[in-house]
Structure formats: structure tokens, C-alpha cells
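Its first residue numbered 120, the sequence shown is counted upward by one per residue in our numbering.
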Amino acid sequence: MGEWYLLIDECQVLTQTSELLNASQDDPFSGLKARSAPGSDRSDRFVGLRKVMPELPRMYPVWVDAKNTRVYGIDDDDRGALWFTGSLPVLHRYEPESGQIDTISIPEKHGGSQCLCAGSKVYVLPQTNGKFTVFDVEAKRVYQVDKPFPEANLWYGHADKARNVLYMPERSRPCLVIWDVETEQGEVLEYPEPGALPDIDEVDWPERLETFAVPRNDGVHRRVYYDPDVRGFLAEDSHPAPPSRPGARAERFVVNYREGRLIRLDRRTGETYERDVPGWKEDFGFIGGGVFYQEWQLNNLSTYDSGFRYDEKTGDYIQMKDDPHIGVDGLPYHFMDRFIAYHPESDTFDLLVPDVPQSRYPQLCYSKVARGHLYITANDIWSEEKQRPLGAIENPVGQLMVLQTRRAEDG
């Protein structure tokens with residue numbers, strides 16, 4: 120499993136074309152101008168020196184017959200369908216091949232930060248709500264079950280579909296929740312203290328190991344490795360770049376963002392390279408969750424401007440400004456209709472923007488790579504009345520769109 124770095128919000132976007140204009144060898148921050156998103160009257164300033172011209176992934180927007188708020192974390196089931204929800208009391212099942220969507224009613228207090236699929240069940244993670252919401256696909260039944268302990272703050276995780284097990288790092292406490300889908304019982308494991316386990320380089324590393332990032336008091340993440348066969352933690356590491364299992368294929372570069380700076384780690388040389396991100400605090404103030412796909416690191420963007428601080432212990436958002444809902448553009452903040460794209464091999468920035476009509480503004484958020492294809496979900500937040508995208512504080516509910524690298528039959 121990959122590491123998770125969740126901030127106030129998270130989301131993602133993509134585009135088809137960009138223009139290389141008047142590139143200058145002397146100034147690598149001049150010349151690359153990505154086209155503005157439909158409905159936007161602001162120009163973006165994304166520039167970089169292209170040493171190579173890799174193609175951005177070709178994406179197809181599929182508008183579906185459903186509406187919701189911004190939609191959250193995605194999972195795929197054993198048939199290839201994608202499952203996700205938003206803030207409304209509904210669960211969506213999307214068929215990528217046909218472009219068809221089904222909507223199932225679920226309880227109002229569902230949390231909804233991510234869906235996880237295993238066996239014939241879809242779990243809606245509760246965040247700080249008291250119960251999981253579960254949809255049994257075969258029985259076509261919705262019900263709720265208690266969390267392993269009432270205070271559990273469960274936002275994200277992943278499913279081991281072969282073992283019918285869910286792994287969910289607890290967001291407020293240093294522990295891991297392991298959920299057996301068949302028995303619907305959970306086990307809570309505290310993470311071992313730093314130094315209590317051997318380094319992963321010192322032990323055998325079977326493919327079955329699960330990796331989890333654990334925050335440390337000094338702000339640096341360490342990783343611990345769980346062995347499902349022995350039901351315990353086997354090893355740890357605190358290397359700057361996540362190590363790769365011997366014999367496994369791993370990308371050469373690891374890309375992260377921190378406060379408007381790009382940080383690129385080179386697994387091969389051990390080098391750490393940093394640079395400013397063009398557009399930071401001008402076009403956007405938040406770079407969210409990402410995915411590496413076809414040589415590009417792709418991350419969602421928001422106009423959010425550090426108006427809140429999330430309290431991991433209580434699950435509350437603490438106001439940091441007089442008006443925390445105003446973004447970097449002076450308007451209510453929202454996720455954007457694009458992803459920032461970075462090609463680490465050539466040190467190139469670009470933008471991924473969906474090809475949609477001028478009257479649409481899909482705020483792209485979560486992404487998922489499933490069976491070799493990339494999917495990004497969005498809801499339309501364009502207001503004809505205000506002639507701008509609506510902000511999060513305005514609670515926009517709009518038609519859903521899935522941006523995907525495969526054509527849909529009805530797309």
C-alpha cells in the first residue's frame with residue numbers, strides 16, 4: 120500500500136493539452152502556459168524547462184445521471200465497478216466500461232470519507248461517526264455496525280480483497296484497525312515504539328507485507344511493516360524515500376509537496392531536490408493527494424488559503440483567520456477543475472484540465488488507478504447566477520463526472 124498524507128481537504132484533476140510558448144533556456148520558469156479551464160477568467164502560470172516531451176494521459180470526461188457534493192475516496196470491487204459517496208445520504212456504484220451509475224440510499228450520518236470493498240460488501244468509512252455504513256451487494260441490504268471503539272477516527276484505508284480484510288490507520292491515535300469483513304469484528308493494534316523493530320533492510324521482505332506510515336513527534340514519518348500471516352508487525356524504517364522490496368519494480372522518484380515547495384527524492388542516487396511550485400498562493404493554496412501514472416505525478420489543487428487547522432485528537436476544525444472560507448483568489452475556496460502534473464525525469468510542470476463546456480466547472484478531487492486505468496471523480500460547481508465556481512461554504516450540489524483514461528460506451 121502507498122503512504123497517505125491527508126490535509127484539510129483532498130482532491131484531483133486532469134487535462135489533455137498544453138502549449139509550450141517561447142521557452143527560454145535561461146529562464147526555466149518562462150514559456151509553459153497551460154490553457155485556462157473552461158469558465159475561468161484567470162490565466163495560470165505553470166512553467167518549466169522541457170528536456171523531454173512526455174504526453175499527459177489522455178482523459179475522457181463521462182457525465183453521469185447523479186448529483187452530489189464533492190465526492191470522496193474511491194474503491195473498486197471484484198467486478199471492476201467503482202464505489203464512492205459524498206456528503207449526501209447516497210452511495211454510488213459506477214461502471215467504467217458503460218459509463219452507467221447506480222445510486223443507493225444510505226443513512227444520513229455515514230461519514231463517507233472513503234469506500235472500501237471486500238467480498239460482497241462495500242464499507243463507508245465513518246470518520247468520527249459512531250458506526251460503519253455497509254452495503255451488502257449480493258443481499259442488496261444497507262445496515263450499520265459499530266466501530267471497534269467509539270472514539271475511532273477512521274477516514275481512510277485499503278482492502279486486502281484476497282483475505283477479506285480492511286486496514287484502517289486511526290487518524291487521532293497511533294494505532295491500526297484491522298477489520299474482518301466476514302465476521303465483522305475489528306482488531307486494534309498499537310504501533311510499536313521507534314527502534315523496537317529491525318530495519319526492513321535487515322529482514323526477509325515477502326510480498327504479502329503491508330506498509331503503514333506512522334507520524335513521529337519530530338514531524339517525520341516512519342514506516343512499519345505488518346505481516347498478515349503472523350498477524351503482527353515485522354519491521355520498520357525511517358528512510359527519506361520509501362524503500363522498495365527486492366525484486367519489485369519501483370519508480371525511481373518519489374514526489375511530495377510541502378508549503379509550496381516540490382520535494383523530489385531519487386531512489387537511485389539518494390539525492391533530494393527542491394524547487395518552488397509555480398502558481399502557489401496565486402492560483403491555489405493547497406496541493407492535495409496524488410497518484411503516479413504514466414510517468415507523471417498528478418495532484419489535486421484547491422484555492423484554500425490555510426483558514427483552518429484540523430485537530431487530529433478531536434476531529435474539529437480550528438479557525439485560523441477572520442474569514443477562513445476565503446481562498447487565495449479572494450472568493451470562497453474550492454477544489455479546482457485541474458490537477459497539477461509533474462514529470463520528475465525532466466523536472467517539468469504542466470496541468471491536466473478536462474475538456475468540458477464553458478458552462479461546467481468540475482471540481483476534481485479523488486483519484487484511483489484500477490486495472491491499469493486512471494479515474495478521477497468530480498461534481499459540477501459552476502454557478503450561472505454568480506458566473507463563478509461555488510465555494511465549499513456554499514455547499515454546492517452538482518452533476519457528477521468521472522474523468523477516465525478509457526472510453527465509456529455511453530460517454
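For glycine and all other residues, C-beta sits at the position ideal for the given N, C-alpha and C.
(request) Could you please give me the residues that DSSP links to Ile445 through a beta bridge? (result) In the sequence shown, the residue the question calls residue 445 occupies position 326. Note: Ile445 sits in a beta bridge opposite Pro451.
(request) Work out the CA separation of Pro334 and Pro293 for me, nearest whole Å. (result) Mapped onto the sequence shown, residue 293 falls at position 174. Mapped onto the sequence shown, residue 334 falls at position 215. Rounded to the nearest angstrom, the two C-alpha atoms are 8 Å apart.
(request) Tell me whether the beta-carbon of Arg383 lies closer than 7 Å to the beta-carbon of Ser357. (result) Taking the first residue of the sequence shown as position 1, residue 383 is located at position 264. Taking the first residue of the sequence shown as position 1, residue 357 is located at position 238. Not closer than 7 Å, so no.
(request) Rank Gln219, Glu431, Tyr310, Asp442 by C-alpha distance to the C-alpha of Glu270 and give the top, closest one. (result) Here residue 270 corresponds to residue number 151 of the sequence shown, with the count starting at 1. Among Gln219, Glu431, Tyr310, Asp442, the Cα nearest to that of Glu270 is on Glu431.
(request) Answer yes if the segment 247-263 comes into contact with the segment 312-319, meaning at least three C-beta pairs across the two stretches below 8 Å, and no otherwise. (result) no
(request) Measure the Cβ-Cβ separation of Pro451 and Phe427 and say whether it is below 7 Å. (result) To locate residue 451, count along the sequence shown from 1; it is residue 332. To locate residue 427, count along the sequence shown from 1; it is residue 308. For Pro451 and Phe427, no; Cβs fall outside 7 Å.
(message) Measuring only the C-alpha atoms, how far is Pro208 from Gly218?
(response) As a working mapping, residue 208 is identified with position 89 in the sequence shown. As a working mapping, residue 218 is identified with position 99 in the sequence shown. Taking the straight line joining both Cα atoms gives about 22 Å.
(message) So, at 6 Å on beta carbons, what are the nonlocal neighbours of Ala489 in its own chain, with the 5 sequence-adjacent residues on each side left out?
(response) The sequence position of residue 489 within the sequence shown is 370, counting from 1. Answer for Ala489: Asp195, listed in chain order.
(request) Round the Cβ separation of Trp202 and Leu244 to the nearest angstrom and send it over; I've been treating them as touching at under 8 Å. (result) As a position in the sequence shown, residue 202 is number 83, starting the count at 1. As a position in the sequence shown, residue 244 is number 125, starting the count at 1. Contact doesn't hold; Cβ gap of about 12 Å is too wide.
(request) Alpha carbon to alpha carbon, how far is Asp499 from Gln506? Give it in angstroms, no decimals. (result) Along the sequence shown, one-based indexing puts residue 506 at 387. Along the sequence shown, one-based indexing puts residue 499 at 380. Each residue's alpha carbon lies about 13 Å from the other.
(message) Distance check for Val241 and Ser363, CA to CA, integer angstroms please.
(response) As a position in the sequence shown, residue 363 is number 244, starting the count at 1. As a position in the sequence shown, residue 241 is number 122, starting the count at 1. Ser363 and Val241: Cα-Cα distance of roughly 30 Å.
(message) Please identify the residue among Asn418, Ser465, Lys250, Tyr436 whose C-alpha is closest to the C-alpha of Ser425.
(response) For this step, residue 425 is matched to residue 306 along the sequence shown. Selected option, being the one with the closest Cα: Tyr436.
(message) Judging by CA-CA distance, which residue of Trp501, Gly366, Ala367 is the nearest neighbour of Ser478?
(response) In the sequence shown, the residue the question calls residue 478 occupies position 359. Taking only the C-alpha atoms, the option nearest Ser478 is Trp501.
(request) Please say whether Glu301 and Asn283 have beta carbons closer to each other than 7 Å? (result) Along the sequence shown, one-based indexing puts residue 283 at 164. Along the sequence shown, one-based indexing puts residue 301 at 182. Yes, the pair counts as a contact, with Cβ atoms nearer than the cut-off.
(request) Kindly identify the DSSP beta-bridge partner or partners of Glu393. (result) Residue 393 sits at position 274 when you count from the first residue of the sequence shown. Note: Glu393 sits in a beta bridge opposite Ile382.
(request) Have a look at Gly409 and Met439 and give me their C-alpha separation to the nearest angstrom. (result) The residue you call residue 409 lines up with position 290 of the sequence shown. The residue you call residue 439 lines up with position 320 of the sequence shown. Rounded to the nearest angstrom, the two C-alpha atoms are 26 Å apart.
(message) For the beta strand (DSSP E) containing Ile193, name the first residue and the last one.
(response) To locate residue 193, count along the sequence shown from 1; it is residue 74. Per DSSP, Ile193 belongs to no beta strand (DSSP E) and is neither H nor E.
(request) With DSSP collapsed to three states, give me the class of Ile223. (result) Numbered from its first residue, the sequence shown carries residue 223 at position 104. Of the three classes helix, strand and coil, the one that applies to Ile223 here is strand, per DSSP.
(message) Please report the straight-line C-alpha distance between Pro481 and Asn187, rounded to a whole angstrom.
(response) Within the sequence shown, residue 481 is the residue found at index 362, counting from 1. Within the sequence shown, residue 187 is the residue found at index 68, counting from 1. Straight-line Cα distance between these residues: approximately 12 Å.
(request) Please classify Ile319: does DSSP put it in a helix, a strand, or coil? (result) To locate residue 319, count along the sequence shown from 1; it is residue 200. Ile319 falls in the helix class under three-state DSSP.
(request) Within 10 angstroms of the Cβ of Gln304, are there 16 or more other Cβ atoms? Answer buried if so, exposed if not. (result) Along the sequence shown, one-based indexing puts residue 304 at 185. Exposed is the call here.
(request) Would you list the one or two residues that DSSP bridges to Met520? (result) What you label residue 520 is simply residue 401 of the sequence shown in a count that begins at 1. DSSP, once it has assigned bridges, lists Trp182, Ala497 as partnering Met520.
(request) Given a cut-off of 7 Å, decide if Tyr494 and Val472 are closer than it, judged by their beta-carbon atoms. (result) Residue numbering aside, residue 472 sits at position 353 when the sequence shown is read from its first letter. Residue numbering aside, residue 494 sits at position 375 when the sequence shown is read from its first letter. Against a cut-off of 7 Å, the Cβ pair of Tyr494 and Val472 comes out as no contact.
(message) Since Glu414 and His492 should fall inside the 8 Å C-beta cutoff, what is the C-beta to C-beta distance between them, to a whole number of angstroms?
(response) For the purposes of this step, residue 414 is identified with residue 295 of the sequence shown, where counting begins at 1. For the purposes of this step, residue 492 is identified with residue 373 of the sequence shown, where counting begins at 1. That belief does not hold up - the Cβ atoms of Glu414 and His492 are roughly 16 Å apart, past 8 Å.
(message) For Lys250, report the span of its beta strand (DSSP E) as first-last.
(response) Position 131 of the sequence shown holds residue 250. From DSSP, the beta strand (DSSP E) with Lys250 extends over 250-255.
(message) Can you give me the C-alpha to C-alpha distance between Arg327 and Gly449, rounded to a whole angstrom?
(response) As a first step, residue 327 is located in the sequence shown; it is residue number 208 there, counting from the start. As a first step, residue 449 is located in the sequence shown; it is residue number 330 there, counting from the start. Using only the alpha carbons, I get a separation of about 48 Å.
(request) State the beta-bridge partners of His340 as determined by DSSP. (result) As a first step, residue 340 must be located in the sequence shown, where it is residue number 221. Answer by DSSP bridge pairing, in chain order: Pro334.
(request) Label Ala315 either buried or exposed according to how many other C-beta atoms from any shown protein chain fall within 10 Å of its C-beta, with 16 as the threshold for buried. (result) Sequence index remark: in the sequence shown, residue 315 carries index 196 (1-based). Counting Cβ neighbours within 10 Å, Ala315 comes out exposed, since fewer than 16 surround it.
(request) For the beta strand (DSSP E) containing Tyr376, list its first residue and its last residue. (result) As a first step, residue 376 must be located in the sequence shown, where it is residue number 257. First-last of the beta strand (DSSP E) with Tyr376: 372-377.
(message) Looking at the strands, I want to know which residues DSSP matches up with Val284.
(response) In the sequence shown, the residue the question calls residue 284 occupies position 165. For Val284, which the question treats as bridged, DSSP gives the partners Asp279, Asp299.
(request) Rounded to whole angstroms, what's the CA-CA distance from Glu504 to Glu227? Just pull it up for me. (result) Counting from 1 along the sequence shown, the entry for residue 504 is found at position 385. Counting from 1 along the sequence shown, the entry for residue 227 is found at position 108. Their Cα atoms are separated by approximately 29 Å.
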